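Chemist:
Number of protein chains: 4
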Amino acid sequence: MKVAVCGASGFAGAELVRICEVHPDFELVAVFADRSAGTSISESHPGLFGIDLAMLATEDLIPTVESFGIELVFLALPHGVSQRYVPGLLALGVMVVDLGADFRIKNPVLYEQWYGHQHERPELLSSAVYGLVEFNREELSGARFISAPGCYVTAATLAIKPLLEAGLVDSNPVVVDAASGVSGAGRSADLRYSYTSVQENFSAYGLRNHRHTVEMEVNTGATVLFTPHLAPMTRGILATCYMRATDLLMQMDRNEADALVASCYSDAFAGSIFVEATKIAPSTRMTYGSNRAFVYGCLDSRTGWVLGISALDNLLKGAAGQAVQAANVALGLPEDSGLNRFGVWP
Amino acid sequence: MKVAVCGASGFAGAELVRICEVHPDFELVAVFADRSAGTSISESHPGLFGIDLAMLATEDLIPTVESFGIELVFLALPHGVSQRYVPGLLALGVMVVDLGADFRIKNPVLYEQWYGHQHERPELLSSAVYGLVEFNREELSGARFISAPGCYVTAATLAIKPLLEAGLVDSNPVVVDAASGVSGAGRSADLRYSYTSVQENFSAYGLRNHRHTVEMEVNTGATVLFTPHLAPMTRGILATCYMRATDLLMQMDRNEADALVASCYSDAFAGSIFVEATKIAPSTRMTYGSNRAFVYGCLDSRTGWVLGISALDNLLKGAAGQAVQAANVALGLPEDSGLNRFGVWP
Amino acid sequence: MKVAVCGASGFAGAELVRICEVHPDFELVAVFADRSAGTSISESHPGLFGIDLAMLATEDLIPTVESFGIELVFLALPHGVSQRYVPGLLALGVMVVDLGADFRIKNPVLYEQWYGHQHERPELLSSAVYGLVEFNREELSGARFISAPGCYVTAATLAIKPLLEAGLVDSNPVVVDAASGVSGAGRSADLRYSYTSVQENFSAYGLRNHRHTVEMEVNTGATVLFTPHLAPMTRGILATCYMRATDLLMQMDRNEADALVASCYSDAFAGSIFVEATKIAPSTRMTYGSNRAFVYGCLDSRTGWVLGISALDNLLKGAAGQAVQAANVALGLPEDSGLNRFGVWP
Amino acid sequence: MKVAVCGASGFAGAELVRICEVHPDFELVAVFADRSAGTSISESHPGLFGIDLAMLATEDLIPTVESFGIELVFLALPHGVSQRYVPGLLALGVMVVDLGADFRIKNPVLYEQWYGHQHERPELLSSAVYGLVEFNREELSGARFISAPGCYVTAATLAIKPLLEAGLVDSNPVVVDAASGVSGAGRSADLRYSYTSVQENFSAYGLRNHRHTVEMEVNTGATVLFTPHLAPMTRGILATCYMRATDLLMQMDRNEADALVASCYSDAFAGSIFVEATKIAPSTRMTYGSNRAFVYGCLDSRTGWVLGISALDNLLKGAAGQAVQAANVALGLPEDSGLNRFGVWP
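Given below as structure tokens:
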């Protein structure tokens, strides 16, 4: 099917382009990117040397989709921008996968509270199917409009939701302490993300009010304090989640409790090819260039905390890979079409 | 005064050697290192090219100290080893600064519980003055035997102790989530610390039972869950500490509460040249090559958590710099003799 | 077809395993690795988590190949070791692709001169087909024993051979100045390759007598001074080759000369999907995780030097990818079976 | 004496500020930086936290110098800008150390040829003393206007000039192949120097016509092809220089020749505290945070090339450290005032 990628000059856009190129059922026919319109995709992304599509202006998206007969559009746009294009695309009957945050929160009041402005298209919120395949496979089947979750939220949700739903941990308080590679900040000429600023540097940011907190809370039902950190690396997210053990866990001995936590994760992801429970704490390097996420947990009976740790590649399972995975499920294709299970090691 | 460094083939040892070379009152006359005995210090540490001291075997420490007339010995030895040498050095009347963990915990029962074996010299525990200058300046004055705290514990203590003592946070639960550069693991030919293993990798380790947890608890009175992480960098520790706000803070509005947290840190470190309260969250890069630590805090009134964040260079304020700073105070020298306030930027 | 990988605990071995897993015509049935025999492949390579093959001892290679019915064996062994196994494998009629240097130099006198010891199986040298597909496609067709070139030699040969054969440069003197990521040194617990040794470090090594010099000279007919450097990165080789322009080039104006150099490369690699001539100097990042190499050249008419610059991923086009590419050609399979044209960006 | 730094928002500027802060004879009273005028120095350089000087606009330089009674000004300005300020400063009788390229080339014709525009102040060229202390110590004594050489030129000159002057190598051809950390490109919000662009990337740039080539040629008398490379690191330059051995060397056996090369370097830098000849090839890490440079050489008798390799920290011996070292010599101060011999290791 004919596919277009919007936001192709960004990093998630680059991954979408690469995946579409190798996807057996997708034919990439157009790429859009405002700041680089008119240049070739490989000028922005030298790793894509040889893909000679010229980037078009995003404002030409709708007419281009129509004239090219495009059937599926991936939107990897800055926050708030996809709201402008989704209605027109849906009106054309085109399938849309939005990688932005615009349609993730169904409650417009919560949206306004955390994003600081009113939603422009609240009537469309309910039609967007949330693209976290592992928890939403059935609803995604046949979906025509998918809102794919982002990197931090995916990592936190994978680690928290199974334990909370199984009654092993309390919903409050939950602390999500996460570290991300700098590609999560997007491709931008900003001194904060220059090599000399990032190298040999580790810092916390977005303290207390990071916008994605609300999505973690909606997904899991927990009350979350989320603290993201910037790590000196290109890719990868590790979320270390702290949850209070319930009596159910605290009454067990430590080995029993650990086994229960482990089996809770194993069961939750039993049917998943892209999320796996591990027996030791995962590292981000295991996920580099792969669409897989790994989850591990254990109880500290001395202090009553349960640790849930998840790792993923923020540009794949945390962005472009997740979007294609959800599209595959929606289209009834093999879930891993175009996607790598094994990344680049070392 | 004549000084010796034991454990000179390690990273803290290298920093001790460098500092002693530029310290106006120290004359470095001997270096000891078992695995590299017989080779020059600069073979282990090319950055010290030009310091041509040959490393001696540690077992020759006592007779060498005696024959050379050494007056001050820094011990940067693997855990458990300094217990063997301290009694002999003290018997000679030599001043000792131990960078290891052997004499940090005064209670031998706690020591055994967390370190897994009995202390060999419990009778000396009480004579070791704890070398965290910012909280122990008076006791250090004139001290002849100093036990200097390590990197994680220093970072956590600086962030937790002032708030807890001021009644702004509860002592339980406290979560310390910290990330360290790989030099914290020491200089060792271990695949886990090879470039290809560390690069582009972020992971948690030492879950639940890291030995330094007990020292954080003793220093602050808090009940701590400590989760260290390995970050892809050489130096630096960032500790993000999560503490529950007391009613005192929760009754204030957010700005008042933040101001109170800030002034609590400012007051605690008012007389300190090496610990400073910042107005925004610090980053490890600010401390690279410097003996300074930075601390910042704020309240999330929505969830009731207080965040305390500290940054330091694990080999300086977290090891060698701290040891020299404590020795300076003990000897009545200027506190910053031999030490950099400004590190290497960028 | 049933495939085995020897040397699976190394980095080239890891890439071979990954490629075999996704190769549509290969079924990986056994992996061998002396130092890790008995453990799972994913214990050595966490990025291969989920491939649960246990590594076997290399000494069991021949009987295992026989009992499992293995038809193709990749050998990624330390220098000199494959000589021991090749005769037995060939005797069984098994196809062999050797990634080591043992069978690359056909002249046993040269071999001894540069490698410092006699070749043990000189009678087999002539039967090994050299696996640089771009220059040897026809000879590789149907080959049953392939000796694949390594990373530095591939990079240098791609940049030098076309210009020299076209008479644009002299064969003497030629300088090859190259930089490699540390994965080129293999997976070893060696302080020289620890993170703290490699990070923020750039150095030359193997001055004057690097063994691969001779292979560059044999491949191209040039007299080469080769200086490798270690760069603070995991993957990638950039070879900057300096060659003296012949009169043919010097008589042209600069633009003409540059165009001739460019078309010389374009023509040489016109039929190649994995080597491409670029219009600007390539960078290693363009090749990360890909089997592609890029080549660029230009003339400095002022000094009479021609610059030829090539970039590739040392573990793929410089090792495992090249080996599979050669095997594909030998077997009559699509040349890119199992191989990525686009790597990981960013 | 009262000192000012112009260009304080850049990296060399940051190092100048740091060095001035610890220099026993300098009192830093003003800092200038156009793009950050009005902000504190530590907003641009968090590592300088605590130095609360506000940056002034460069256009106010002359009046500020006058009203503050500033006696020494360091200029770390973009190419071409110092020409505007030097005449005014000299007219005031102020001592000037220029870190830019404006006054390095004494011949205005050569200047125009390589820099592409006419020099605005050719009459001042001869009054600028070239600040490479190791070759110009006497001329620098008492100098009031110093033009300090940059990083690549210093590295290349240290490696080439001694051998050429001793008649061990020919002046033509000489190839300088060098790699630099990204701080050499300055502090700029440019996608090319973002973390994701630099990390895991090695590339050549400035092919054939890099402006600093001419300075290498003027300093040494050689005809140079210079190829700089960008390495994934913050600091450090390694220059690998290829020179043709003269008959003098070629007639010797290899060990004799190597010994002669080594003693040539040792002799050249016998009186220098900041340049040292090494017995093995140096690495950039040895110089990190230090004002030292290291030089090593050897002959490849097989091909007739002499290798000369030098390493330095581009921001110190290649910029700010060199400038202060030259000022120290000019002022009759100890040559190492304010400067580190030992950098940060690891």
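Residue numbers (the working numbering), protein chains in the order written: chain A, 13 to 358; chain B, 13 to 358; chain C, 13 to 358; chain D, 13 to 358.
Quick reminder that beta carbons are idealized off the backbone N, C-alpha and C, glycines included.
In this text the structure is predicted, and so the values were computed from the model without any measurement.
Which class does F147 (chain C) belong to by DSSP, given the choice of helix, strand or coil?
Modeler: One-based indexing of the third sequence puts residue 147 (chain C) at position 135. If DSSP states are grouped into helix, strand and coil, F147 (chain C) belongs with the helices.
Chemist: Taking S192 (chain C) as the query, report the chain B residues whose CB atoms sit under 9 Å from its CB, ordered along the chain.
Modeler: Numbered from 1 along the third sequence, position 180 holds the residue referred to as residue 192 (chain C). What S192 (chain C) touches in chain B: nothing, since even the nearest Cβ is about 12 Å away.
Chemist: Using a Cβ-Cβ cut-off of less than 9 Å, list which residues of the stretch 230 to 251 of chain D approach chain C; keep chain order.
Modeler: Going along the stretch 230 to 251 of chain D in chain order, one finds T235, V236, L237, T239, H241, L242, A243, P244, M245, T246, R247, G248, I249, L250 with a Cβ nearer than 9 Å to chain C.
Chemist: At 4 residues or longer, and completely inside the stretch 93 to 136 of chain C: list those alpha helix (DSSP H) runs for me, N to C.
Modeler: Runs found: 94 to 103, 120 to 127.
Chemist: Residues of chain B with CB under 7 Å from T208 (chain A), in chain order?
Modeler: Indexing the first sequence from 1 puts residue 208 (chain A) at position 196. Here the neighbours are P358.
Chemist: So with Cβ pairs under 8 Å, would you call S295 (chain C) a contact of chain A?
Modeler: On the third sequence, position 283 is the one that residue 295 (chain C) refers to. It does: the Cβ of S295 (chain C) has a partner Cβ on chain A nearer than 8 Å.
Chemist: If distances are taken between C-alpha atoms only, which option among B:G100, B:S139, B:P120, B:T235 comes closest to A168 (chain B)?
Modeler: Looking up residue 168 (chain B) in the second sequence gives position 156. The shortest Cα separation from A168 (chain B) among B:G100, B:S139, B:P120, B:T235 belongs to B:T235.
Chemist: Measuring from the CB of S192 (chain C), is there a heavy atom of the ligand COA at a distance below 7 Å?
Modeler: By its list of ligands, the structure shown contains no ligand whatsoever, and the ligand COA lies outside what it can speak to.
Chemist: On the three-state DSSP scale, how would you describe E55 (chain B)?
Modeler: As a working mapping, residue 55 (chain B) is identified with position 43 in the second sequence. Three-state DSSP puts E55 (chain B) in a helix.
Chemist: Is it the case that the Cβ atoms of M107 (chain C) and L84 (chain C) are separated by a distance below 8 Å?
Modeler: The sequence position of residue 107 (chain C) within the third sequence is 95, counting from 1. The sequence position of residue 84 (chain C) within the third sequence is 72, counting from 1. Yes, the Cβ-Cβ distance between M107 (chain C) and L84 (chain C) is below 8 Å.
Chemist: With DSSP collapsed to three states, give me the class of K14 (chain D).
Modeler: Mapped onto the fourth sequence, residue 14 (chain D) falls at position 2. Here K14 (chain D) sits in strand by DSSP.
Chemist: Suppose you measure from the CA of E288 (chain B) to the CA of S278 (chain B); what does that come to, to the nearest Å?
Modeler: For this step, residue 288 (chain B) is matched to residue 276 along the second sequence. For this step, residue 278 (chain B) is matched to residue 266 along the second sequence. So the two alpha carbons sit approximately 7 Å from each other.
Chemist: State yes or no: is the beta carbon of R199 (chain C) nearer than 8 Å to at least one beta carbon in chain B?
Modeler: What you label residue 199 (chain C) is simply residue 187 of the third sequence in a count that begins at 1. It does; some Cβ of chain B falls within 8 Å.
Chemist: Whole-angstrom Cβ separation of H241 (chain A) and A191 (chain B), contact assumed at under 8 Å?
Modeler: As a first step, residue 241 (chain A) is located in the first sequence; it is residue number 229 there, counting from the start. As a first step, residue 191 (chain B) is located in the second sequence; it is residue number 179 there, counting from the start. H241 (chain A) to A191 (chain B), Cβ: 7 Å. Contact.
Chemist: Quick one: list the residues of chain A neighbouring F23 (chain C), beta-carbon separation under 9 Å, in chain order.
Modeler: Counting from 1 along the third sequence, the entry for residue 23 (chain C) is found at position 11. The contacting residues are W357, P358.
Chemist: Near L102 (chain C), which residues of its chain fall below 8 Å by C-beta distance, leaving aside the five closest residues on each side in sequence?
Modeler: As a first step, residue 102 (chain C) is located in the third sequence; it is residue number 90 there, counting from the start. The answer, listed in chain order, is V108, L136, S139, R156, F157.
Chemist: When you compare only the Cα positions, how much space is there between P361 (chain A) and L327 (chain B)?
Modeler: It is not possible to answer for residue 361 (chain A), since the shown part of chain A is limited to 13 through 358.
Chemist: By the criterion of Cβ-Cβ separation under 9 Å, what are the contact partners of S195 (chain A) in chain C?
Modeler: Along the first sequence, read from residue 1 onward, the residue named residue 195 (chain A) stands at position 183. Correct list: P358.
Chemist: Using beta carbons (cut-off 8 Å, strictly below), is E55 (chain C) in contact with chain A?
Modeler: Locating residue 55 (chain C) in the third sequence gives position 43, counting from the first residue. By this cut-off, E55 (chain C) is not an interface position.
Chemist: Based on the DSSP secondary-structure assignment, which residues constitute the bridge partners of S215 (chain C)?
Modeler: Against the third sequence, residue 215 (chain C) aligns to sequence position 203. S215 (chain C) is bridged to C:L242, D:S295.
Chemist: Can you tell me which of A:N148, A:T225, A:Q211, A:G193 puts its alpha carbon nearest to the alpha carbon of G301 (chain A)?
Modeler: Position 289 of the first sequence holds residue 301 (chain A). G301 (chain A) has its Cα closest to that of A:G193, out of A:N148, A:T225, A:Q211, A:G193.
Chemist: With a threshold of 8 Å between beta-carbons, can Y205 (chain B) be considered close to chain C, or not?
Modeler: If you number the second sequence from 1, residue 205 (chain B) lands on position 193. Yes, its Cβ sits closer than 8 Å to a Cβ of chain C.
Chemist: Does the beta carbon of R223 (chain A) sit closer than 8 Å to a beta carbon anywhere in chain B?
Modeler: Position 211 of the first sequence, counting from 1, holds the residue named residue 223 (chain A). It does not: the Cβ of R223 (chain A) has no partner Cβ on chain B nearer than 8 Å.
Chemist: Taking C-beta pairs closer than 9 Å, name the residues in chain A that D325 (chain D) reaches, listed in chain order.
Modeler: Position 313 of the fourth sequence, counted from the start, is the residue given in the question as residue 325 (chain D). Here the premise fails: no neighbours, minimum Cβ distance about 14 Å.
Chemist: Quick check: the stretch 46 to 61 of chain C against the stretch 120 to 137 of chain C, are at least 3 beta-carbon pairs closer than 8 Å?
Modeler: No, the stretch 120 to 137 of chain C is not in contact with the stretch 46 to 61 of chain C.
Chemist: Leaving out the 5 sequence neighbours to the left and right, which residues in its chain are closer than 6 Å to A216 (chain B) when beta-carbon positions are compared?
Modeler: Within the second sequence, numbered from 1, the residue matching residue 216 (chain B) stands at position 204. Same-chain partners within the cutoff: T239, H241.
Chemist: So T166 (chain C) packs on Q337 (chain C), CB below 8 Å; how close in whole Å?
Modeler: As a position in the third sequence, residue 166 (chain C) is number 154, starting the count at 1. As a position in the third sequence, residue 337 (chain C) is number 325, starting the count at 1. 11 Å between Cβ atoms; not a contact.
Chemist: Grab me the residues of N213 (chain B)'s own chain with a C-beta within less than 8 Å of its C-beta, minus the 5 sequence neighbours each way, in chain order.
Modeler: Here residue 213 (chain B) corresponds to residue number 201 of the second sequence, with the count starting at 1. Taken in chain order, the residues that qualify are L242, P244.
Chemist: When DSSP builds the beta bridges, which residues end up paired with V236 (chain A)?
Modeler: On the first sequence, position 224 is the one that residue 236 (chain A) refers to. According to DSSP, which records beta bridges pairwise, V236 (chain A) is partnered with A:V186.
Chemist: Do A24 (chain B) and T111 (chain B) count as a contact pair if the criterion is CB distance below 8 Å?
Modeler: The residue you call residue 111 (chain B) lines up with position 99 of the second sequence. The residue you call residue 24 (chain B) lines up with position 12 of the second sequence. As written in the sequence, residue 111 (chain B) is Leu, which differs from the Thr given in the question. The answer is yes: Cβ separation under 8 Å.
Chemist: Whose C-beta lies closer than 8 Å to the C-beta of I321 (chain B) among residues of the same chain, with five residues either side of it excluded?
Modeler: Against the second sequence, residue 321 (chain B) aligns to sequence position 309. These residues qualify, in order along the chain: A171, L250, A251, T252, C253, A293, P294, V307, Y308, G309.
Chemist: Shorter than 8 Å from the beta carbon of D202 (chain A) to some beta carbon of chain D?
Modeler: On the first sequence, residue 202 (chain A) is found 190 positions in, with the first residue counted as 1. Yes, its Cβ sits closer than 8 Å to a Cβ of chain D.
Chemist: Compute the Euclidean distance between the alpha carbons of V41 (chain C) and E33 (chain A), then round it to the nearest angstrom.
Modeler: Start at 1 with the first residue of the third sequence, and residue 41 (chain C) comes out as number 29. Start at 1 with the first residue of the first sequence, and residue 33 (chain A) comes out as number 21. Rounded to the nearest angstrom, the two C-alpha atoms are 30 Å apart.
Chemist: What's the C-alpha gap between L324 (chain D) and L180 (chain C)?
Modeler: Reading the fourth sequence from its first residue, position 312 is the one you call residue 324 (chain D). Reading the third sequence from its first residue, position 168 is the one you call residue 180 (chain C). In a straight line, the C-alpha of L324 (chain D) is about 36 Å away from that of L180 (chain C).
Chemist: With DSSP collapsed to three states, give me the class of G196 (chain B).
Modeler: Against the second sequence, residue 196 (chain B) aligns to sequence position 184. Looking at G196 (chain B) - three-state DSSP - the assignment turns out to be helix.
Chemist: What are the boundary residues of the beta strand (DSSP E) that T290 (chain D) is part of?
Modeler: Taking the first residue of the fourth sequence as 1, we reach residue 290 (chain D) at position 278. Counting along the chain, T290 (chain D) falls outside any beta strand (DSSP E), and DSSP gives it neither H nor E.
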